[in-house]
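Residue numbers (this note's numbering), protein chains in the order written: chain X, 296 to 590; chain U, 1272 to 1646. Inspection log for the structure reproduced underneath, given as structure tokens.
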Amino acid sequence: MAILAPSDSRILLHGIANPLARFQCAEIPRHGTRLAGIVAANSSELAGWSPGDVPVFQTTRDAAKSAGANLSMVFSAPCAVKAAVIDAIAARVPLIVVLTEHVPVHDALLLRHMARRAGVTLIGPNSSGLLSPGRVKAGFFVEDICRPGRIGIVSKSGSLAYAVMAEMKSSGLGISTVVAIGPDAVKGIDFREPLSLFQADPETDAIVLLGEIGGGDEENAASFIASSITKPVVTFISGRSVSVGQSMGHAHAIAGLGRGDHTTKVRAFASAGVMVAQNIGEILVMLKALNTRPT
Amino acid sequence: MLLLEHHGKALLRKHGIPTPRGVVVGDASALVEALPGLPERLVLKAQIAGGGRSKGGGIAFATGRKAVIDAFDSLRGSTVNGQAVDAVLVEEQIAFAHERYAGILIEDGDIWLLFARRGGIDIEDITVADASNLQAIALDPIAGPTDAQFQDCFDRLGYAPDYRANYARIGRALFDLSRSCDATMVEINPLVELAGDALVALDARILIDDSALDRQPEITALQPIAAKVGRLPFRENPEGGTIGLIGLGGGLNVTLMDWIADGGAQVAALVDIDDAVGAGHAEQGFAMALDAFDRHPQIRSILVNVITCGYRLDDIATGLVAALAKRDASRVKPAILHLRGNAMAETPELLRAAGQVNCASLATAVAAVLASAQD
């Protein structure tokens, strides 16, 4: 099993003017995942590039209807993300992954709210997407740096997840699914949804949670793990050596009391009985001690 | 982007929130010209970004022409909290009955409207001692605050009935301002109660979302953003260090800074190469970063760590090899490389042909750069 995106996912790409999206036109099929089409309202988005035999649709609605697309990957420019995601929600695409960074916060807030109301799973913005090796790729993650296995990874940061996957591969440890929820303050799903899905996934034996300083996602995840997760969880929080920036106002200080810095996050996980690694090397040691099945 | 107080107050007024009468002046002649239109009792406030002005000596009260001019002369050109004072907001003094607080904040995926029973410069300490001092209303990001939410909030804070309509008006105005101006934080501290039912914002702190500045040209024009030096995200560690880090991706860069700190050293400066790679200028990006680190007086060793999925590693490695070859031999510092990722197969040969060694793991790379920085 893979969490979030099934093996038979049919992917739509939005924002094809972005070179990262064009690269994915080759990468997604290379991983055996079906690319259902590209949404380009304006042909100028394709300027200087040929989509080959990938169908191009003017609207998400057309793509969802005629190509059976059920997963949108959004690479649109930051201020165009809102319109692309609203269209995908309206077309009832059940899973939307936004890879664009620097999306305006108020747009992210609106999209998070609309997705929840519509029952759509929104990952990101500023997500690196997800990968279930051998099954489905819906993001930047590639199989080159990992191997299939029974450990699930949920991370805020894509780059940190890449490093952990690569080091795990070198140590003979494989993953079931890796998903990056994105580091932004406002995003679609947070740590809790993947944790819950990994808990229910019979092919995931243990979970790695990669957090970072700032915000309250890690503290929320710690409470959720204490109440709802019985599988072993190894966490790592980056930013221990980074001093928390000067508060921009009283609002953050008084609304975020007791949350956000490295110490409070580590304390929250420790209180929830979660293993907290001090570095990437310790993550591997802890995972090996769990003795999970290889595949 | 954090707005200066007088820019923030202009936005408050635009949204119907009263502020004291006042003018912003940058020199004494402008002040003298403005004085006839102002009352006798004035407050002078240094216009600098950031808080703590009151405790930092950036606010002065003065009555009468001579005292006001003297206070202005003391403030203008001084340094408050490390920032030069180029402009001073001169406002009428307001006699008030109570200092409150109102704000709006986006945090943890939600938008919150905040009111406090007691505002002012000690609000954080007051709220630590008494959590009921602050009430946070979770807002529907489309509909905004409701009457029932206001009523419940004001009941908890004990706001007097006469003022409640104006508090609600300000709450709605803050929500509208936040959305229309892409503000992620708006703070009025203090918001004061005058006799009758009037409320006045004595201060304003507004944070605009940097990602939305392109669609906020009027706000961006208020405070031109300093040009990025060399268009490269270069972060210097104010505490110093001996290692230069060129990485790709914030989460991993921070993890490496932790790892290096655990090893007893510090990253002196960091360059995230992501923007340069994304723009197709990997070679130029590496060249600028390597040159900056080679010239850096404290840096003794450089770690180049790239683990990529969204880009082709061989493209990045080609740029890196070219940049390494063009360094000024007279000041080259040791560079430890760790490259992994998509299209990995071509990369080892590229590096080998260039006489470069690719570390087998992150742990190996960190150990190598720590050892190299100690030599």
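Using N, Cα and C, we set each Cβ at its ideal position, and we do this for glycine too. Being a predicted model, the structure only gives us computed values, none of them experimental.
Contacting residues, own chain, Cβ-Cβ under 7 Å from residue i (five flanking each side not counted)
i: residue 1282 of chain U; result: 1448, 1452 and 1477
i: residue 389 of chain X; result: 365, 415 and 416
i: residue 1585 of chain U; result: 1614, 1617, 1618 and 1621
i: residue 1430 of chain U; result: 1438
i: residue 1279 of chain U; result: 1475, 1476 and 1477
Rounded C-alpha distance that separates residue i from residue j
i: residue 1565 of chain U; j: residue 368 of chain X; result: 40 Å
i: residue 1644 of chain U; j: residue 1324 of chain U; result: 41 Å
i: residue 1438 of chain U; j: residue 1309 of chain U; result: 27 Å
i: residue 1632 of chain U; j: residue 456 of chain X; result: 15 Å
i: residue 1612 of chain U; j: residue 425 of chain X; result: 16 Å
i: residue 475 of chain X; j: residue 394 of chain X; result: 10 Å
i: residue 1501 of chain U; j: residue 1287 of chain U; result: Any answer about residue 1501 of chain U is weak, because its pLDDT of 45 lies below 50 and its placement is not dependable; what the coordinates show is given next. Their Cα atoms are separated by approximately 42 Å.
i: residue 1298 of chain U; j: residue 1317 of chain U; result: 13 Å
i: residue 318 of chain X; j: residue 306 of chain X; result: 14 Å
i: residue 1472 of chain U; j: residue 1414 of chain U; result: 24 Å
i: residue 1411 of chain U; j: residue 1582 of chain U; result: 39 Å
i: residue 1524 of chain U; j: residue 1458 of chain U; result: 33 Å
i: residue 1639 of chain U; j: residue 1607 of chain U; result: 7 Å
i: residue 1498 of chain U; j: residue 1354 of chain U; result: Confidence is the limiting factor: at residue 1498 of chain U the pLDDT is only 42, short of 50, which leaves the residue's position unreliable, though a coordinate-based value still follows. Cα-Cα distance, rounded: 19 Å.
i: residue 571 of chain X; j: residue 1528 of chain U; result: 18 Å
i: residue 1531 of chain U; j: residue 1516 of chain U; result: 10 Å
i: residue 359 of chain X; j: residue 436 of chain X; result: 24 Å
i: residue 1379 of chain U; j: residue 1601 of chain U; result: 50 Å
i: residue 299 of chain X; j: residue 1363 of chain U; result: 59 Å
i: residue 488 of chain X; j: residue 451 of chain X; result: 13 Å
i: residue 586 of chain X; j: residue 384 of chain X; result: 41 Å
i: residue 541 of chain X; j: residue 1320 of chain U; result: For residue 541 of chain X, the predicted model reports a pLDDT of 37, less than 50, meaning its position is unreliable; a value from the coordinates is still stated below. Between residue 541 of chain X and residue 1320 of chain U, the C-alpha separation is close to 12 Å.
i: residue 421 of chain X; j: residue 396 of chain X; result: 4 Å
i: residue 578 of chain X; j: residue 468 of chain X; result: 11 Å
i: residue 375 of chain X; j: residue 1522 of chain U; result: 25 Å
Cutoff 8 Å; reference residue i; Cβ partners in own chain excluding five residues on either side
i: residue 575 of chain X; result: 458, 459, 462 and 531
i: residue 1418 of chain U; result: 1439
i: residue 567 of chain X; result: 517, 518, 520 and 521
Min CB distance residue i to chain U below 9 Å
i: residue 440 of chain X; result: yes
i: residue 297 of chain X; result: no
i: residue 574 of chain X; result: yes
i: residue 401 of chain X; result: yes
i: residue 382 of chain X; result: no
i: residue 374 of chain X; result: yes
i: residue 443 of chain X; result: no
i: residue 352 of chain X; result: no
i: residue 322 of chain X; result: yes
i: residue 531 of chain X; result: yes
i: residue 541 of chain X; result: Note that residue 541 of chain X has pLDDT 37, beneath the 50 cutoff, so the model's placement of it is unreliable and no number is given.
i: residue 422 of chain X; result: no
i: residue 562 of chain X; result: no
i: residue 309 of chain X; result: no
Residue i - containing beta strand (DSSP E), residue span
i: residue 448 of chain X; result: 443-450
i: residue 1582 of chain U; result: Looking at the DSSP string, residue 1582 of chain U is not in any beta strand (DSSP E), and its letter there is neither H nor E.
i: residue 329 of chain X; result: 329-334
i: residue 1369 of chain U; result: 1369-1378
i: residue 308 of chain X; result: 305-309
i: residue 523 of chain X; result: Unbroken run through residue 523 of chain X is the alpha helix (DSSP H), 512-523; no beta strand (DSSP E).
i: residue 507 of chain X; result: 501-507
i: residue 474 of chain X; result: 470-475
Terminal residues of the alpha helix (DSSP H) in which residue i lies
i: residue 1215 of chain U; result: What is shown of chain U runs 1272 to 1646, which leaves residue 1215 of chain U out entirely.
i: residue 1303 of chain U; result: 1299-1305
i: residue 1570 of chain U; result: Counting along the chain, residue 1570 of chain U falls outside any alpha helix (DSSP H), and DSSP gives it neither H nor E.
i: residue 454 of chain X; result: 453-465
Residue i at chain X interface by Cβ criterion, 9 Å
i: residue 1537 of chain U; result: yes
i: residue 1583 of chain U; result: yes
i: residue 1521 of chain U; result: yes
i: residue 1472 of chain U; result: no
i: residue 1580 of chain U; result: yes
i: residue 1531 of chain U; result: yes
Other residues of its chain near residue i: CB distance less than 6 Å, five sequence neighbours each side excluded
i: residue 1334 of chain U; result: 1311 and 1312
i: residue 1484 of chain U; result: 1491
i: residue 1273 of chain U; result: 1320 and 1478
Checklist entry - When you check each C-beta in the stretch 1445-1457 of chain U against every C-beta of chain X, which residues fall closer than 7 Å? => result 1450, 1453, 1455 and 1456
Item to check | Residues, ordered as in the chain, of the stretch 1365-1392 of chain U that lie near chain X by beta-carbon distance below 7 Å | outcome: 1374, 1376, 1377, 1378, 1379, 1380, 1382, 1383 and 1385
Checklist entry - Of all the residues that make up the stretch 1596-1613 of chain U, which are near chain X by a beta-carbon distance shorter than 9 Å? => result 1611, 1612 and 1613
Checklist entry - If you measure beta-carbon to beta-carbon, which residues of the stretch 497-513 of chain X are closer than 7 Å to chain U? => result 507, 510 and 511
Next on the checklist: Output needed in chain order: residues of the stretch 464-498 of chain X with a Cβ under 8 Å from some Cβ in chain U.
Outcome noted: 465, 478, 480, 481, 482 and 485
Checklist entry - Any residues in the stretch 1412-1427 of chain U with a beta carbon nearer than 7 Å to a beta carbon of chain X? Which ones, in chain order? => result 1412 and 1413
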